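Here the protein sequences line up with chains X and U, keeping their order. The first sequence lines up with residues 41 to 438 when you count with our numbering. The second sequence lines up with residues 41 to 438 when you count with our numbering. Step one of this worksheet: look at the structure below.
Protein chains: 2
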Amino acid sequence: MSHVKIDAQVLGMHREKFRTELYDNVLAFWLRYSLDHEHGGFFNCLDRDGRPYDFKKHVWLQGRQTWMMSKIYNANRDKADAQQYLDAAELGATFLRKHAKTADNRVYFCLTRDGKPVSMQRKIFSECFYVMALSEYARASGDQSARDEARELFDAVLTYAKDPSLVGRPVYEGTPKLSSLAVPMILLNLIEEVNDPGENSYADVAKWCVDRINMHTRPELSLVLEMVGTDGKLVDTPEGRLVNPGHAIEAAWFLMDYARKHNDESLLRQAIRIMEWSFDFGWDEQYGGLFYFLDRDGYSPLQLEWNMKLWWPHCEAMIAYLMAYQATGDDKYFKRFEHLTDYSFKHFSDPEHGEWFGYLDRQGKMSQRFKGGPYKGCFHVPRALFICERILGELMNG
Amino acid sequence: MSHVKIDAQVLGMHREKFRTELYDNVLAFWLRYSLDHEHGGFFNCLDRDGRPYDFKKHVWLQGRQTWMMSKIYNANRDKADAQQYLDAAELGATFLRKHAKTADNRVYFCLTRDGKPVSMQRKIFSECFYVMALSEYARASGDQSARDEARELFDAVLTYAKDPSLVGRPVYEGTPKLSSLAVPMILLNLIEEVNDPGENSYADVAKWCVDRINMHTRPELSLVLEMVGTDGKLVDTPEGRLVNPGHAIEAAWFLMDYARKHNDESLLRQAIRIMEWSFDFGWDEQYGGLFYFLDRDGYSPLQLEWNMKLWWPHCEAMIAYLMAYQATGDDKYFKRFEHLTDYSFKHFSDPEHGEWFGYLDRQGKMSQRFKGGPYKGCFHVPRALFICERILGELMNG
């Protein structure tokens, strides 16, 4: 472990790079191309140059963009140009509240441009991003009814998480009893989002989430698994062997953030271990970049896209390594943050039209040219840029 | 159009190659590694060397292998080693009939090794492959109850195809009213399978299938689309612009086969056009091989695996081009059949362990090493080899 303090000038240079990318290249793209002033909400299927190639509205992205715009507004209230972010957040929040939720607290996955329901998943994530959106929007707008609605829906989400049959997913006699890493991760993240600064509601659920993530964390393998048995046992099937390095790295920074707030030094060390294991297992030594999926025993993953390089694992890894540096002062983490930043900006950022590409082949060549789709929108890129810019500022002042 | 008759020696060489590949390299692999003598049915998740990497049993593949083994038995009844194919078919049919179907005529998608239900899709394809399996198995075994069961389930499938809400797929106010090419294709194929030789049951449904496939066939684009509006209109969304060249080429040979049986010269010409359009649009001039998915207007397909080269489109294309040569005598189709055969045997066949690889990257390099998985089993490869071997034999004798 080495503690060479990173020079303030280097930190400042990075901070400026992140700030420019966030506001001028990424948020500018979404503000310019995604706002649907006619029907409300956002166009989230945007081609390379910002033109919509589909007018359907995917609720994950409607919620995430509403959250992001609210977050940016809340961090820039004193700035002259802040109002545009609040306006965008309101466009999303109003559309969501008008169209996305059913009377019995389920949330659709996809809507038409004018808000008619297209489809609903047998999963809880649309609900989660709705909660996330309204929680932050309530703080941006001061609308207490949005805050109340978010908490009411979050309570429903907690019941769905316990009993998947409530979202229509049938359980048969032979259905494997698996715990999915995604569930405690999103719930832990949501608790951070729902709680106001200093508030400590849902502490027991947060504790359960941390324990569950720990159950997926396997020191005997130096890995975090996407699926383990609900009894905590390893499962020797493609699902049970699945590793999603970017997802595990995202879990790592959720845990670092939680550990910092709760002064839990042991959890912090565990989170950093998770980050390092997952990076070491997931990094492609031959072509660079993080693999999307791997099998812990070296079988071919069933996912055809396993060796592609996606934007979001790299976003999560930038956050995690910078956070690890902030928490420990060990400059090896800063070096890797710089390395990840180089790879990511070089391969994903599009200075010509703005925003980042999302999907590269194994060699790092663009595979999909669009900037937004059913699973990519105004979220992972600006969130990573926003958090890293904030940490870099804290490091400069700290 | 040129009519250079292909030399009998060339035909014989190809026929021998297909026969050897079918019996010695492909069927031998499945007979050796897939039979579960303990619980019945087949291991369908087999690694490169035939070892199971998952013991779950996927019903599409259980049905397809039962069909294939029955078909091979029926074509080889007079041979000394035929019994092994009937035994394998019986292993599959018995397992399916014992475990795969519910009391209300739905069929599970996945079962445990010992037959407990794992999951059910909100689609009709598990049912379709069950019908296909029992129809051919009834002819192989002489078991009339299998024949009756297949027809009863097929009648249920026809009602599901008309009303997807019967398989639990909700339709919302904004759900696009789309016709899927897969449905008339599989139904047309099933009618061929259910009917005994010379029988012409379900003629009205077959006619409806041909009309539906024609609705997806767009001369103004020289393409067959996966999805069009149920009103026959083009739909300008990623779904409505989706082209799956291998799927369209499979539709082409289904139609050629139907046209031949019904002496429909105009439909035959239409089918050959579909084949040529789809090949021309789908062939990767840069690296060779057929793309998996394309967007008719050149947008990036949403499917991350769009540019991969899968085994089955190449299997379908070999059948289609050889059938087109047989139907027309135009040797340009035979040349392309040879070209496709070269590409396919070189890239997919595994002489070391048997069977074919299924999934290559765009450049033609193996991406997944397994031979069987939830969507690949004892079906497309042996079906293509079997049909081509038969046609080559007819050409030699004709």
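The C-beta atom is built at its ideal place from N, Cα and C for all residues, glycine as well. Quantities reported herein were computed from a predicted structural model and do not represent experimental measurements.
According to the neighbour-count rule (16 or more other Cβ atoms, all chains shown, within 10 Å of its Cβ), is residue i buried or exposed?
{"i": "A190/X", "result": "buried"}
{"i": "M53/U", "result": "exposed"}
{"i": "A173/X", "result": "buried"}
{"i": "N284/U", "result": "buried"}
{"i": "D276/X", "result": "exposed"}
{"i": "N240/X", "result": "exposed"}
{"i": "D118/X", "result": "exposed"}
{"i": "P391/X", "result": "exposed"}
{"i": "V268/X", "result": "buried"}
{"i": "E305/U", "result": "exposed"}
{"i": "R72/X", "result": "exposed"}
{"i": "H77/U", "result": "exposed"}
{"i": "G182/U", "result": "exposed"}
{"i": "H43/U", "result": "exposed"}
{"i": "D121/U", "result": "exposed"}
{"i": "G322/X", "result": "buried"}
{"i": "N303/X", "result": "exposed"}
If we cut at 8 Å on Cβ distances, does residue i have a partner in chain X?
{"i": "D94/U", "result": "yes"}
{"i": "Y365/U", "result": "no"}
{"i": "Y399/U", "result": "yes"}
{"i": "P157/U", "result": "yes"}
{"i": "L75/U", "result": "no"}
{"i": "G413/U", "result": "yes"}
What is the residue span of the beta strand (DSSP E) that residue i lies within?
{"i": "M406/X", "result": "M406 to Q408"}
{"i": "M109/X", "result": "Where M109/X is concerned, there is no enclosing beta strand (DSSP E), although the alpha helix (DSSP H) it sits in stretches over V99 to A115."}
{"i": "Y93/U", "result": "P92 to D94"}
{"i": "M436/U", "result": "Not the beta strand (DSSP E): M436/U falls in the alpha helix (DSSP H), residues H420 to N437."}
{"i": "V158/X", "result": "P157 to S159"}
{"i": "L218/U", "result": "L218 to S220"}
{"i": "M348/U", "result": "Segment: none, M348/U is in no beta strand (DSSP E) and carries neither H nor E."}
Give the residues of chain X in contact with residue i, contact being defined as C-beta atoms less than 8 Å apart.
{"i": "R137/U", "result": "Near R137/U there are no residues of chain X at all, since even the closest Cβ is about 17 Å away, more than 8 Å."}
{"i": "P285/U", "result": "In chain order: nothing, as chain X lies at least about 17 Å away."}
{"i": "L344/U", "result": "L344, E345, M348, Y399, S407 and Q408"}
Would you give the residue range spanned by the alpha helix (DSSP H) that residue i belongs to?
{"i": "S166/U", "result": "F165 to S181"}
{"i": "S306/U", "result": "E305 to G322"}
{"i": "G286/X", "result": "P285 to K301"}
{"i": "S185/U", "result": "Q184 to K202"}
{"i": "V268/X", "result": "Element bounds for V268/X: not the alpha helix (DSSP H) but the beta strand (DSSP E), M267 to G269."}
{"i": "N254/U", "result": "A243 to H256"}
{"i": "D371/X", "result": "D371 to F388"}
Give the interface partners of residue i over in chain U, defined as CB-CB distance under 9 Å, in chain order.
{"i": "M160/X", "result": "P210 and Y212"}
Between residue i and chain U, is the shortest Cβ-Cβ distance under 8 Å, so that the two count as touching?
{"i": "F410/X", "result": "yes"}
{"i": "N437/X", "result": "no"}
{"i": "T142/X", "result": "no"}
Between the alpha carbons of residue i and residue j, how many angstroms are there, rounded?
{"i": "I253/X", "j": "P224/X", "result": "6 Å"}
{"i": "D64/U", "j": "D401/U", "result": "27 Å"}
{"i": "R146/X", "j": "E167/X", "result": "7 Å"}
{"i": "D188/U", "j": "V158/U", "result": "27 Å"}
{"i": "E260/X", "j": "S318/X", "result": "14 Å"}
{"i": "L221/U", "j": "G413/U", "result": "24 Å"}
{"i": "P204/U", "j": "V197/X", "result": "28 Å"}
{"i": "D144/X", "j": "Y200/X", "result": "12 Å"}
{"i": "L350/X", "j": "I112/U", "result": "44 Å"}
{"i": "F194/X", "j": "R162/X", "result": "17 Å"}
{"i": "E290/X", "j": "Q105/X", "result": "19 Å"}
{"i": "E61/U", "j": "H139/U", "result": "33 Å"}
{"i": "E192/X", "j": "E232/U", "result": "55 Å"}
{"i": "K411/X", "j": "V234/U", "result": "47 Å"}
{"i": "S389/U", "j": "L51/X", "result": "54 Å"}
Is the closest heavy atom of the ligand HEM to the C-beta of residue i under 7 Å?
{"i": "E167/X", "result": "Ligands displayed in this structure: none; no statement on the ligand HEM is therefore possible."}
Just the chain U side, please: which residues come within less than 8 Å of residue i by C-beta, in chain order?
{"i": "P278/X", "result": "C85, Y93 and D94"}
List the residues of chain X whose Cβ lies closer than 7 Å to the Cβ of residue i, in chain order.
{"i": "S340/U", "result": "Q408, R409 and F410"}
Listing by chain order, which chain U residues have their CB less than 7 Å from the CB of residue i?
{"i": "L151/X", "result": "G214"}
Inset, instruction - Return the residues of the segment 192-210 of chain X that lie within a Cβ-Cβ distance of less than 8 Å from chain C, sorted by chain order. - result: The structure shown has no chain C; the protein chains it does contain are X and U.
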